[in-house]
Every structure is written in C-alpha cells, then in structure tokens.
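These protein sequence lines are chains A and B, in that order.
Per the working numbering: the first sequence = residues 566 to 1069.
Per the working numbering: the second sequence = residues -15 to 406.
Glycine included, C-beta positions come from ideal geometry on N, C-alpha and C.
Worksheet: one structure, shown below.
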Amino acid sequence: MPAVQETIEQVRKIDVDQYKYGFESFIEMDKAPKGLSEDTVRFISAKKGEPAWMLEWRLEAYRRWLTLEEPNWARVDYPKIDFQDIYYYAAPKSTPGPTSLDEVDPEILKVYEKLGIPLKEQEILAGVQKPVEDTEEANDNVYKSGRVAVDAVFDSVSVVTTFKKELAAAGVIFCSISEAIREHPELVKKYIGSVVPTTDNYYATLNSAVFTDGSFVFVPKGVRCPMELSTYFRINEKNTGQFERTLIICEEGAYVSYLEGCTAPQRDENQLHAAVVELVALDDAEIKYSTVQNWYPGDAQGKGGIYNFVTKRGDCRGDRSKISWTQVETGSAITWKYPSCILRGDDSQGEFYSIAVSNGYQQVDSGTKMIHLGKNTRSRIISKGIAAGFSQNTYRGQVSAHRKATNARNFTNCDSLLIGDQCGAHTVPYMEAKNATAQFEHEATTSKISDDQKFYVMQRGIPEEEAIALIVNGFVKEVIQELPMEFAVEAQKLIGISLEGSVG
Amino acid sequence: MNIHATPQRTPAETAFVDAFGDRLTQLPGDPAVMVKRDGAIEQVKAGLPTRRIESWHYTDLRRLLTSVADFDAAASTTALAPLIEGSKVLTLANGVSVDDKAALDGVSVVRLSEKLVDGSFAPALDLYGSDDAIGAVNSAFVADGYFVDIADGIELEQPLELQNLQGGAQSHVRLPVRAGKGVKATIVERQTGTGAATVSCVSQLLIGDDAEITWVIVQEQPDTATHVAQFKAEIGANAKLRLFFMNAGGKLVRQEVIVKAAGEGAEFTMRGVNLLSGDAHTDVTMVLDHAVPNTSSTELVRNIVTGRAKGVFQGRINVHQYAQKTDAKMACNTLLLSDDAEFSTKPELEIFADDVQCGHGATVTEIDRTHLFYLMARGIEEKAARGLLVKAFLAEVIEEMEDEPLVEALEAKLNDWFETHV
C-alpha cells in the first residue's frame, strides 16, 4: 500500500530527534570551576550565602559520597559518568536574586516564553488584579482563572517566582530553596533530609552535597493552597549537571498541588540531572505532586540526552495524610526514578500514577515504592509503560507491609505496550508482606496493540497513525485523568510527539 | 548502603571449603570433571550469595545457612513407599545409588558416578551464572545420582520414581533424565530424610520433540534440614512439560526451576504448592526462557504460610526478541495464616518481542472474611471453615494435574501435612 509507505516516510522526517525544546540560548553565565571537591561544595554554599550548618551538612554528605559506589542494579546501560567533568554550578550572571521580572535577563524570559511558560503575562495579570481580602473569594477566583504560580529554575538557580505576594497572604511560602535557607532556616533545618537522608543513596548523597537550587513550599496548618504551584526546570549550559532539591511541607489539614516540568537543549554529550524531592504530609494533609518530564532524550542514534537520576520520596507522617504522585515521563536518555511513599501515619494513603513513554534508544527504569508502616494504610499504583523504537522500558516497584501495618491494602496494575520488535518492556515488582492482615494485589500485562483493535478503529476510516494514537490514549487515560488540567493537555500532546515515527 | 567490605568466611563457607579439600581424593571424576569441580569451589570460596545478589534478595544464603551437616555415608535411612503404587523406584541413600541398573523396557539407567569417572558428564556440570550458588555447591561435591535415558517413542505406563533419602548428613546428587522424541512419561522426584541434613540436588531434564513429560517433585524434608535444589529443563518442539512441586518441609529450602522453551510449539505448565510452618524459610525461584516463536507457558503457585515461616516466590519470564507469538501467564497467590508469617514475591517479565501476550498476577492476603462468614453462617465452626477454605485453595492447583492416581496421592500428602502442622 503506497499510502502506508507515504505515512512512514513522512513520519521518519519527524523522528525522535525532532525534539521541540532542543534550542539553546546564549546567556552569560557565572560558573564554578569544573569538577567536584570540597572546594566546589564550599563555593556553592558561599554563592548561596548559606549559614554554617548548611555548609557542614553539605560537606558531611560529600564525604559520605566519596565512600559510596554507583548503583548498578537498574536495567540501564551507560558509559561511566566522569564526575570531575561536570560544572556543578552555573547561574545567569546578572542575578544576585532578582526581586521582580524586570531584573531578569530578557534572554531567560525568552527561553520560558519559547517553552510556553508565560511568566510575564501572569505577573502582569496578577498586578492588574485588586488584592482580594477574603481568602475564600480568592479561592473562587483562582479556580475560575486557573492561575498557576511558577518558580522558574534556570541551570543552577531559581530566576523568578510568581504570585509570591498572593501566596504569602494565604500563609503559603513558595520560593526557591536557597531563599528558604536564608529566610526560613528553622523550617528548612527541621525538614531537609528528614525524608531522604544524606546517606540515602549515591545520587541523593551527591545531590545533598552540591544541590544548587530548587523549590520550597510550606503550607501551614489548615490552609488549602489557593492555586496550583509549579516549577519549570531548564538545563541550558553545556557540561553542567543540574542538582535541584525540592522540599514540600504540608502541615495539619493543609493541601497543595504541585507541578513540575523540565526541558533541556539538544546536545551531543550527555548531561546529568540528579534531583531530590522530599514531601512531608502531617495529619490530614494532602500533597499532589505531578511531573511532566521532558528532558532531551538524545537523537535517533541514541547520542546525547539527559541522565535523569532522581530520588523522590513522600513521607505520610501524619494520620490520614495522603500523597499522590503522578508522572508523565517522555524525555531523558536514561531515567532512574522511583517516587515513593512512606505510609507512616495510620489511615494514610499513597498513590502513584505513571506513564512512561520511551522511543529511540531511551532507557527507562522507573516505578515506585509503597512502604506501609501504619495501620489501615492504603496505596494504589497504576503504571503504564509504552516502549517503541530501540528503547527499554522497565517498571520496578516495591510494596511492603511492616509487621505493625495491620490492614495494609495495595493494588498495583502495571501494563506495558510494545510498539515495534526492537524494544523491550520489563516488569519487576517486589511484594513483601510481614503482616497477615495485609492485602496485596498485583497484576501486570505486556502486549502489543492488537490487530483487532487497530482494525476496528481503522475500519471506521481513521488512518493507522491516528488509530494508534487513539488506542494509546485510551491505554493511558487512567493516569492522564489524575493530572491537573493544565498538564493533562500538555501530557497528551507530549505522548503524541514521543510516539511519532514509531509506526511501520 | 553500598559500601564495600571484604567479608570474612562464614562457618558454612569454611565447612564447604574444608570438606572439598578433605574429600577431593574420594570424589569421582576424570580431569575434565575435576576442572569443573575446581571452578565450582572457587565460586563457593568467593562467598555464598547475600541479599545484594538480586536473585538471592529474599534468601540471604550467607546469613541463613548457619551450619552444614557432616558427610556420613553410613547414616541410616528409612525406605519409602512410592507416591503412586506400582511405580518403578530408583533410590539414592546418603547421596549414593543403591538400586540395580535393571530398569524398564526402553529405559536405560546408569549410575552417575560412572558418567563422572568417564568424564562424559563434565559439560553438564557447567554453572548457570555467577549467582548459581546451588549449581556451584552441587558441581563441587556431586558424587552420584542416576542417569536416565528414555528411548524415542517409549510410553511408560507406570511412573518412574527417583527417591533421594538422607539420614541427617550431607549429600549432593544429580538426576539427569533424557526423554527422547515422542516419549510419554511421569517422573516423580522424592526428597526426604531425617535429622538436620544438608542436601543439594540438581535435576536436569532434556525433552525431545513431541514428547509429553509430567515431573512431580515432593519435598518433605524434616523441619531441621537444609534443602537446596535445582530443576532444569529444556523443552523440544511441540513437546509438553507439566511440572508439579510440593514443598512440605525443610528449615531452609530453595527450589530453583530453570526452564527453556527451546523448540517451536513447546508448552510448559507449572503448578506448585508451598506449605510453610514453624521457622521454615522456603524460596521457589523460577526462570523461564521463551527462546523461539510460538511457545506457551502457564504457572500457578499457591502458598500458605503459618507460624513464623517466611516464604518467597520469584518468577522471571524472559521472552527473547526472536520469540514472537509467545503466550505466558504466571500467578502466585498466598494466604498468610498467622501474625508472624511473611511472604515476599517478585514476579518479573522481561520482554524483548512485541507480538506477545504476557501477564502475571500476584496476591498476598489472609482468608477472605466473607467466605469465612458464608461457611460459618451455615453452622460450620470457624476452625473447620478455615480448614475447608485453605484446603480448597490448595486442592484447586493439585486437581489441575488431571491424573487421578496422582491427584489422589498428592491430596493425601496435603491431608497428612495438615494433620501434623495445623
């Protein structure tokens, strides 16, 4: 059929290396000397104007890191990383902490504009609006206008955070972590490293030593954060690693929904991204954390791309607390990421919804951990993996019930879809029950899009590629539904882009 | 976490290494076999696997194997009645073959020691990988076993029963079986004995095209014994293998099942029950390779765990890139019957072909309260109701064997276990 051939040809033109966000911007940067040593750690800490205890904490992590070995259990294959060949700190030069958008380098703003993150517009909109006294009314407004407060992180530093004033009125602190260390040291000191300790794992320890920025969110008791919070991470500079650290704390009865997005320019060499995210939910608190990860995945030959080694963990510290992770993973050459929930409080809940799409030579080893410690804790895992091209897509998850976790309940469902015969899909779940009243269920399937399904859709006059997109969208619907509106649309588009060229 | 440390040899490791030195002169084998033994003991010297080794994650052999029984060729063993009446029985006592070679028509039986002495068995002593601790211990020490060869086209009317009896000492045996083309046979492997024995056994089965083999493993070691075993099989084109195992004893048990669907149209069925009580630690680890197109497999394992026992099931299905049209399904269900019981499971799928149907399911839970309520509402007291539900849960697997004398014999074993353990 010539029509099919035509589609294939057309599709080939827009293969994986047509990464939409691959542009590079030339912005004057302030960098630390290349390589990692105690001096690098001191340099970063000094640049950030951190107190002595923070430096000490970093140095301790660095010394610990020297004794550790790189983990090799994940199903990913990559040449050894030379940790001395990376810049650990790179910041746009003009910014000794901008107070308003006017002070931000317009080049950076352009970057965010290109990415479709209208920082400026929102700031202006916010300025035009009259400050609303009554919080409830403010809440209503927010939902009508669907505004999102954004923290933009450019290479190593946070360049701008929007809607700060309005958030402050509600008592919510949303700022970069460097600012938090300076302005709210007591809060940072209390919670940092309490979920992911500096000794946790190779990459988390490295991050603890050299983290440069990230977001800090504190929602006080009883407050429902009046808007969605969002951070956009952008790696721009060559040869830099990005090590961000995010800390979100929800006090008793508080609620926050947080979104994270990431992109990077197209480069031939690999870049390292090793982030740590810590979530703390006290009694009755709820944190919803959504990620759309779209780091540069490398070109069609598997050259370049981001190494994404991330430690994300939420601690349901209080009774009846809830943490929910939703992720759409389409980027990165290598993904090594297991957002987890520690269900410590009685009746606490953990959720994990994930879509991992891999194409080209991408390697994904991702999943979750649900550690049931408290009584009547519940967790739910829905993972959808889609492998195409020459990619390897692994789900690795752990569900465990501690001896005292009476009535722990878990449901896990991980489905994999294979598109093409050169890719691999793997499922590695670990289930550990140490309590007889625990109830764990796990199911997994792997298959390709069945010819029957495809035939049915195509028979109704829908071309093959669209038919596949339709079926894939149906396959991932359960997860997309969990995303906040703003992200759901973006995610759906992303999945479409990632799979382009996989037919035929 | 991943800090490096040079481990000191444990008492069990020392015992193996010392015993190898002591027994070297008595171990049968030509130079080729002895080279394999040397290689194997080197692996033991490097240390028994710990939980850091992925395939031993839930059975830290280095920590769990605290002592090793001595060798004692004269230990007394009790004769065992065959599982199914009329079976042809071949017995090994304390690791030594005791039966005559006389066998059934078309079936040749050779003592494995002869195959070791003439060196023809050397290639089969190769290890499965760097984490093959059972293979390493066994290859280093194996002194005897039975080499069974069933000629093409033979259909055995009666089962062949291979008994491995151990009287509280240490033994390492192998049971290689070659089933020719079109062979139909049932083979029963019995593992039992007395006292705090240390036993390793490796069964190797090669199935010719179009053959149909049923292999039944009944493991009833005493509650003090260490039993590590491997069942390896390769299935030819259009051949069928039905494997059934029952683990109903032992203190530290690891049963590995390593199967390769090597010919197109090969079919593998695995059914198993693990009955765990007391302080038992029982691990069943399966690795199944679908290497060629159009093969299928189903696995169903049911476990009950009571007392302070710990159970493990790891199952990995590998579908190779060339193995299109594979159909593989695996399920593992567990009932935890006591507060201190533990169960860990890791069902893995590794899939490199796209036109496949693969799935796995796993559950760990206690007895369904609505089921219990249903029975109790009909005047059945709680204990009896629980018993009924647990037995039904297990019997379902056994009944799938469809071979009446076999099902009856296995159900009788199940009842015996309940009488003595629950």
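- Residue 925 (chain A) is a Cβ neighbour of residue 863 (chain A), given a cutoff of 8 Å.
- Judged by DSSP in its simplified three-state form, residue 1050 (chain A) adopts helix.
- With a cutoff of 8 Å on beta-carbon distance, residue 186 (chain B) and residue 146 (chain B) are scored as not near each other.
- Taken in chain order, the whole beta strand (DSSP E) runs of length 3 or more contained in the segment 261 to 343 of chain B are 265 to 274, 280 to 289, 294 to 303, 311 to 320 and 326 to 335.
- Taking 3 residues as the minimum length, the beta strand (DSSP E) runs contained wholly in the segment 798 to 846 of chain A are 810 to 815, 820 to 828, 835 to 838 and 841 to 846, in order along the chain.
- For residue 260 (chain B), same chain residues with a beta-carbon under 8 Å away, outside a window of 5 residues either side, are 231, 266, 287, 288, 289, 290, 291, 293, 294, 295 and 325 in chain order.
- For the pair of segments examined, the segment 93 to 111 of chain B was found not to touch the segment 37 to 48 of chain B: the number of CB pairs separated by less than 8 Å stays below three.
- In this chain, the beta strand (DSSP E) harbouring residue 131 (chain B) covers 128 to 134.
- Taking the Cβ atoms as the reference, residue 245 (chain B) lies roughly 32 Å from residue 209 (chain B), outside the contact range of under 8 Å.
- Put simply, of B:405, B:315 and B:60 the residue whose alpha carbon is nearest the alpha carbon of residue 263 (chain B) is B:405.
- When DSSP states are grouped into helix, strand and coil, residue 27 (chain B) belongs to the helix group.
- For residue 641 (chain A), no CB of chain B lies under 8 Å from its own CB, so it is not counted at the interface with that chain.
- When beta bridges are read from the DSSP output, residue 863 (chain A) appears opposite no residue.
- Closest in alpha carbon position to residue 982 (chain A), among A:958, A:1004 and A:1021, is A:958.
- Residue 90 (chain B) is not bridged by DSSP to any residue.
- For residue 889 (chain A), the nearest beta carbon of chain B is not closer than 8 Å to its own beta carbon.
- Under the 10 Å beta carbon count, residue 860 (chain A) is surrounded by 16 or more other beta carbons and is classified as buried.
- Rounded to the nearest whole angstrom, the C-alpha separation of residue 998 (chain A) and residue 339 (chain B) is 34 Å.
- For residue 344 (chain B), the nearest CB of chain A lies under 8 Å from its own CB, placing it at the interface with that chain.
- Exposed is the label assigned to residue 92 (chain B), since fewer than 16 other Cβ atoms lie within 10 Å of its Cβ.
- Here DSSP, grouped into helix, strand and coil, assigns residue 1003 (chain A) to coil.
- In the structure shown, residue 366 (chain B) falls within a helical segment according to DSSP collapsed to helix, strand and coil.
- Contact between residue 872 (chain A) and residue 643 (chain A) holds, since their C-beta atoms are separated by about 7 Å, short of 8 Å.
- At the C-beta level, residue 1033 (chain A) and residue 1060 (chain A) stay beyond 8 Å of one another.
- For residue 938 (chain A), no alpha helix (DSSP H) segment is defined, and its DSSP state is neither H nor E.
- Look at the beta carbons and you see the segment 875 to 895 of chain A touching the segment 841 to 856 of chain A: at least three pairs across the two are nearer than 8 Å.
- The residues 142, 143, 144, 145 and 172, in chain order, have a CB closer than 8 Å to that of residue 71 (chain B) in the same chain once the five nearest residues on each side in sequence are set aside.
- Check the Cα spacing between residue 837 (chain A) and each of A:819, A:898 and A:782: the tightest is with A:898.
- For residue 204 (chain B), the enclosing beta strand (DSSP E) starts and ends at 196 to 204.
- A straight-line Cα-Cα distance of about 7 Å links residue 757 (chain A) and residue 812 (chain A).
- Taking the Cβ atoms as the reference, residue 923 (chain A) lies roughly 4 Å from residue 956 (chain A), within the contact range of under 8 Å.
- Membership of residue 1018 (chain A) in the alpha helix (DSSP H) is indicated by the continuous run 1016 to 1023.
- In terms of Cβ geometry, residue 808 (chain A) and residue 840 (chain A) form a close pair [threshold 8 Å].
- Taking every protein chain shown into account, the CB of residue 27 (chain B) has 16 or more other CB atoms within 10 angstroms, so this residue is buried.
- Counting C-beta atoms within 10 angstroms of its own C-beta, residue 8 (chain B) has fewer than 16 neighbours from the protein chains shown and is therefore classed as exposed.
- Per the C-alpha coordinates, the member of A:772, A:732, A:595 and A:729 positioned closest to residue 606 (chain A) is A:772.
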